[in-house]
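Report on the following structure.
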Amino acid sequence: MSADGDADSDQGGSQALTRRILIGLVLGLGVGLALHALDLRDTPVGRFLVDGLFFVVGRIFLASLKLLMVPLVLVSLACGTASLDDVSRLGRIGGKTVGLYLFTTAVAISVAIVVAVIVQPGVGFALSTEAAGFAAKEAPDFAQTLIDIFPENPFKALAEAQMLQVIVFAILLGVAMTLAGEPGRDLLRFFQSANAVVLKLVFVLMELAPFGVFCLIATVFADEGAGAIQQLAWYFATVLGVLAIHLLVTYPTLLVLLARVAPLHFFRKLRAPMSVAFSTASSGATLPVTLRATEERLGVDGSIASFTIPLGATINMDGTAIMQGVATVFIAQAYGVEIGPAGYLTVVVTATLASIGTAGVPGVGTVMLAMVLRQMDLPVEGIGLILGVDRLLDMTRTAVNITGDAAVSCIVARSEGRLDLETYRAP
Ligand code: ASP
9 MSADGDADSD QGGSQALTRR ILIGLVLGLG VGLALHALDL RDTPVGRFLV DGLFFVVGRI
69 FLASLKLLMV PLVLVSLACG TASLDDVSRL GRIGGKTVGL YLFTTAVAIS VAIVVAVIVQ
129 PGVGFALSTE AAGFAAKEAP DFAQTLIDIF PENPFKALAE AQMLQVIVFA ILLGVAMTLA
189 GEPGRDLLRF FQSANAVVLK LVFVLMELAP FGVFCLIATV FADEGAGAIQ QLAWYFATVL
249 GVLAIHLLVT YPTLLVLLAR VAPLHFFRKL RAPMSVAFST ASSGATLPVT LRATEERLGV
309 DGSIASFTIP LGATINMDGT AIMQGVATVF IAQAYGVEIG PAGYLTVVVT ATLASIGTAG
369 VPGVGTVMLA MVLRQMDLPV EGIGLILGVD RLLDMTRTAV NITGDAAVSC IVARSEGRLD
429 LETYRAP
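So the sequence shown is numbered by the working numbering: it starts at 9 and just counts up by one.
This is the structure:
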């Protein structure tokens, strides 16, 4: 009875929080645009607000989210894996999850390429000198990237927040705790208790979210206004268009066909994590909010969500893949390079891998784009062309990235009979 009461007040609380986060988002947008439009950015008041107040509160909010990232992935993934009590169930759910993540990413890039080839955002683009100033980072070597997924020292991986390594360690730990049977119970109980505490911490720190979101959004728009978009309008519009297609067509179709649920509820319940993803531009930082919404509001069983969501926040980046697909075609067109059908196929494969390797933090998608460009023998300096509008696109694609994680979690949960339809449909 009291547990029900708790659940109800949690639901009500998280709805009220969602509303406050949305208000923070809209107010931040308004204040940022106003500061920019009224040329107040470089006045003492503007500097006090943007470089002082907004900066400090925004940073504290980001730090509070990042603080949760490593412990949350470690304990929730270890518990999630251990709760899939037998290894064959883990294999089945893991297979479905990774398969769907790869599938949705491949669909995302394919649509991105088709649309970019039709729209031709880069044709006739006058290459600006901006490109010369961009020093591209070395593209990571593929074999080394693969080797680096396996941690040599788990404590180093945790301390440096190497998320793929933390994931591998957490899954191994979860499997081993299950296989160890009775002697492993104490450690499992410790992790379960740590999980409950970390989730409570999420709850407490999320009270900062409306203020944090407000400050981050106000800063971005006070600095950039809408001006940066104009030069690269077609590129910007193409990426946004494909993100919208993926969000509003691909995910709803998959939810209807594979999970047999109405997509409207899905989007309504994801407003809070989408707003946080938009304002932080970091799937990793948004992870606590995504996990909470997926379990509490979408009704995905904890044993599934605590496995699929941390994994998705790290390896499933459909929005990033879309940017990488459009950007590759855009840069090829801008430099007048023909890619051809086999080339496009290579882009699909490389961008899928690049998006897996992209860490869920702001801006890394463009660094990983270097890997795709290098693979395609395209000038890596081309990244300089798109950097001007990347922050805004980063915010938008991150919202798509986390939506993909939640959609796949619903589908996997439904296929396992672990989606609570009553919670999913609840207002
Ligand atoms: N900011 C993105 C994320 O965290 C990654 C990227 O595309 O740069 O999901």
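For each residue, glycine too, the CB sits at the ideal point set by N, CA and C.
So what's residue i in DSSP terms, helix, strand or just coil?
i: V131; result: coil
i: L92; result: coil
i: V420; result: helix
i: R426; result: coil
i: V355; result: helix
i: Y343; result: coil
i: P370; result: coil
i: M214; result: helix
i: P296; result: helix
i: T51; result: coil
i: D156; result: helix
i: Q170; result: coil
i: R399; result: helix
i: D59; result: helix
i: G412; result: helix
i: A434; result: coil
i: F142; result: Because F142 sits at a pLDDT of 45, beneath the cut-off of 50, its placement in the model cannot be relied upon, and the point is left open.
i: L289; result: It should be noted that the sequence gives Ala, not Leu, for residue 289. Note: A289 maps to coil in three-state DSSP.
i: P387; result: coil
Which partner residues of residue i appear in the DSSP bridge assignment?
i: L224; result: Answer is none; L224 lacks a bridge partner.
i: V308; result: L427
Report buried or exposed for residue i, applying the criterion of at least 16 other Cβ atoms within 10 angstroms of its Cβ.
i: A270; result: exposed
i: L265; result: exposed
i: G392; result: buried
i: A414; result: buried
i: L319; result: buried
i: P191; result: exposed
i: S96; result: exposed
i: E304; result: buried
i: I394; result: buried
i: R480; result: This structure cannot settle anything about residue 480, because the visible part of the chain is limited to 9 through 435.
i: G32; result: buried
i: F111; result: exposed
i: A342; result: buried
i: S136; result: Interpretation of S136 is limited by its pLDDT of 42, a score under 50 that renders its predicted location unreliable; the figure taken from the coordinates is listed afterwards. So S136 counts as exposed.
i: T26; result: buried
i: P52; result: exposed
Looking at residue i: is its Cβ nearer than 9 Å to the Cβ of residue j?
i: M379; j: L361; result: yes
i: T411; j: L180; result: no
i: F62; j: F222; result: yes
i: V257; j: I330; result: no
i: A335; j: G368; result: no
i: L217; j: F315; result: This sequence places Ala at residue 217; Leu is not what is there. No, Cβ-Cβ distance for A217 and F315 is not below 9 Å.
i: V83; j: A202; result: yes
i: G43; j: F158; result: The sequence shown places Leu at residue 43, rather than the Gly named in the question. Contact flag unset, no.
i: I117; j: A359; result: yes
i: V65; j: G220; result: yes
i: E213; j: P296; result: For the record, residue 213 in the displayed sequence is Leu; it is not Glu. Contact flag set, yes.
i: T302; j: C418; result: yes
i: V210; j: L76; result: yes
i: F199; j: A86; result: yes
i: S363; j: G348; result: no
i: Y243; j: P129; result: yes
i: F177; j: A167; result: no
i: T8; j: V356; result: Lying before the first or after the last residue shown, residue 8 is absent from the chain, which here runs from 9 to 435.
i: G189; j: L98; result: no
i: V345; j: L240; result: no
i: F274; j: Y432; result: yes
i: S291; j: T298; result: yes
i: V127; j: G249; result: yes
i: V123; j: T261; result: no
Please tell me whether residue i has its Cβ less than 9 Å away from any Cβ of chain D.
i: F163; result: Structure shown: chain D not included; a single protein chain is present.
Using C-beta distances below 7 Å, list every residue in its chain close to residue i, excluding the 5 sequence neighbours before and after it, in chain order.
i: K145; result: Legend: pLDDT at K145 = 47, less than 50; position of this residue unreliable, value from coordinates given subsequently. Cβ within range, chain order: V375 and A378.
i: A421; result: V308, D309, I312 and L427
i: L48; result: G54
i: T288; result: L70, L73, L224 and T294
i: L172; result: I157 and T322
i: L3; result: There is no way to answer for residue 3, as the model of the chain reaches only from 9 to 435.
i: L251; result: G327, I330, T404, R405 and V408
i: D125; result: Rather than Asp, the amino acid found at residue 125 in this sequence is Val. Cβ within range, chain order: V337.
Ordered along the chain, which non-local residues of its own chain (more than five positions away) have a Cβ less than 6 Å from that of residue i?
i: S423; result: none
i: F286; result: M403 and A407
i: G333; result: I117, A120, I121 and A359
i: M282; result: A407
If you drop the 5 nearest sequence neighbours on each side, which residues of the same chain put their C-beta closer than 8 Å to that of residue i?
i: G351; result: M384
i: V500; result: The chain is shown only over 9 to 435; residue 500 falls outside these bounds and no answer can be derived.
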